[in-house]
Amino acid sequence: MQSKTILRDLEAAGIGFAASVPCKQLAGVIAGLAASPRIRHLPATREDEGMGLCAGAYLGGLRPVMVMQNTGLGVSVNVLATLIQFYRLPLPMLISYRGEVGEAVACQAEMAIHTKPLLAQLHVPTYHFHHPRDVAELPGILAHAFTISKPVAVLMDAGFWTGDQP
Amino acid sequence: MTAEMTRAGALEIVADVLKHELVICNIGAPSQELCAIADRPGNFYMLGSMGQAAAIGLGLALAQPRPVLAIEGDGAVLTSLGTLATIASNPAPNFTLLILDNASYGSTGDQPTHTAGRTDLAAVARACGVENVVECAGAGLAGALAAALRGGAMTVIICKIAPGNRKVPVIGMDPVQIRCRFMDEVRRSEG
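Taken in sequence, the protein lines are chains V and B.
Here the first sequence stands for residues 1132 to 1297, where the numbers follow this note's numbering.
Here the second sequence stands for residues 87 to 277, where the numbers follow this note's numbering.
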């Protein structure tokens, strides 16, 4: 249900453009974006490219969203700082939070350890969804990103995705 | 003029060809030279994020109907080769990517890029699936650019130029001023 709720919230928030780099936790969201008649979805080759696409879409009048895994944060630092923040562009980022408790792939923990410190260092408002019910905060967070015209991160860990059936 | 044309000469041609197109311009010397040659509200100057002009241009072209020109350098494109695959697989008919290939990192002291060696960006673009790849040099840029901007099909132009930078000032505008001015221009054309 989480994926379906996220899609509904994105459409209700007036999101018109999405860029994504996949994660298995985000498969349902990405499939929903690809099928959405209201959101133009582009698969990006890398997270920083996706943020560039989102910046362009915003300049053109669409509300963008970036969908990515937390491991992509490292390659995105420069674009977050010198494009999204420097030009004061709004960008909600839905980020699967791999490498937390329950993670099967040990290497995922390496970037998980750096995820919140990197976002804090970049002064990106960050929200952590740990339980399926946390999705109720999403509409407010999406609206907040466009009110403050900043990048905003939503980290969605394995606990959040429990029972998700896209 | 043909073999010796530098980036500034190419940008003078671009400025002559441009009408109502929206422009996203690569960081550093390209944006500084374009700003000095022909500043206009429809120009978005990159002050950071090397290699993102093409992605921003594609997002902009998909979001609104006006023709969009993204100007990249060979060094910037080499940092983000994947973007050529993204634009090839998601072609926007109102999008043109112009790569000014001087085979060097002009903003940092003219160090050679790999296009000075074995890398052929036109071949890379074709291999990524771009249907319309145009190669030109010198004064040929004017015709190639006009045809691409008004042809109604997504086009990647690779224009070979000589290394060298014109002595022009750093852009003094605040980034938020650049983007608000640009977005006003986008909205004006919609009205």
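Every residue gets a Cβ at the ideal spot worked out from N, C-alpha and C, and that includes glycine.
Residue burial annotation: B/R93 is buried, with at least 16 other C-beta atoms found within 10 angstroms of its C-beta. The bridge partners DSSP lists for B/Y191 are B/Q197.
Comparing alpha-carbon positions, the option among B/A139, B/N180, B/P151, B/Q150 lying closest to B/L235 turns out to be B/N180.
DSSP places V/V1232 in the coil class of the three-state scheme, outside both helix and strand. B/L186 and B/A178 have their C-alpha atoms spaced approximately 21 Å apart. With fewer than 16 neighbouring CB atoms inside 10 Å of its own CB, V/A1143 falls in the exposed class. Nearest CB-CB separation between V/F1277 and chain B: not below the 9 Å threshold. Listed along chain V, no residue sits closer than 7 Å to B/I243 by beta-carbon distance, the nearest being about 19 Å off.
At a cut-off of 9 Å between C-beta atoms, V/C1154 does not count as an interface residue with respect to chain B.
Per DSSP, V/F1217 is not a residue of any beta strand (DSSP E), being assigned neither H nor E. For the region 159 to 237 of chain B, the continuous alpha helix (DSSP H) assignments of 4+ residues that do not extend past its boundaries occur at 160 to 165, 168 to 175, 207 to 214, 226 to 236, in sequence order.
In the three-state scheme derived from DSSP, where H, G and I count as helix and E and B as strand, B/P261 is classed as helix. Put simply, of B/L183, B/P255, B/A174, B/R204 the residue whose alpha carbon is nearest the alpha carbon of B/G215 is B/A174. In the structure shown, V/N1201 adopts helical secondary structure according to DSSP, grouped into three states.
If you check the CB distance, V/F1260 and V/P1221 do not come in under 9 Å. Within the region 1209 to 1235 of chain V, those residues whose Cβ lies closer than 8 Å to any Cβ of chain B are, in chain order, N1209, V1210, A1212, T1213, L1214, F1217, Y1218, R1219, L1220. Interface with chain B (9 Å Cβ-Cβ cutoff): V/E1142 is excluded. Within the same chain, and ignoring the five residues on either side of B/I142 in sequence, the residues whose Cβ sits closer than 6 Å to its Cβ are I110. V/P1282: not part of any alpha helix (DSSP H); member of the beta strand (DSSP E) spanning 1282 to 1287, first to last residue. Counting along the chain, B/R126 sits inside no alpha helix (DSSP H), nor does DSSP assign it H or E at all. At a cut-off of 9 Å between beta-carbon atoms, V/P1195 makes contact with chain B. Around the beta carbon of V/V1232, a 10 Å sphere encloses fewer than 16 other beta carbons of the protein chains shown; the residue is thus reported as exposed. Chain-order list of chain B residues neighbouring V/L1184: A141, L144, G145, by C-beta distance under 7 Å. In the displayed model, V/P1263 falls within a helix according to three-state DSSP. V/A1212 is the residue among V/A1175, V/D1179, V/A1212, V/T1136 whose C-alpha sits nearest the C-alpha of B/P261.
The region 158 to 174 of chain B and the region 222 to 235 of chain B do not touch, with fewer than 3 CB-CB distances between them shorter than 8 Å.
At least one CB of chain V lies nearer than 9 Å to the CB of B/N176. If you draw a 10 Å sphere on the C-beta of V/E1241, you find fewer than 16 other C-beta atoms in it, and that means exposed. Listed along chain V, the residues sitting closer than 9 Å to B/G168 by beta-carbon distance are A1175, T1176, R1177, E1180. The region 1196 to 1206 of chain V and the region 195 to 213 of chain B do not touch, with fewer than three beta-carbon pairs separated by less than 8 Å. At the C-beta level, V/L1286 and V/Y1228 come within 9 Å of one another. Contact between B/T182 and B/L155 holds: CB atoms are separated by about 5 Å, below the 8 Å threshold. B/N176 and B/L144 do touch by the CB rule: their CB atoms are close to 7 Å apart, below 8 Å. Only residues of its own chain outside the window of five on either side were considered, and among them A162, T165, S166 have a CB closer than 6 Å to the CB of B/G137, listed in chain order. Around B/V272, the beta-carbon contacts reaching into chain V at under 7 Å are L1190, G1191, G1192.
Inter-residue distance for V/G1183 and V/L1269 is about 23 Å (C-alpha atoms, whole angstroms).
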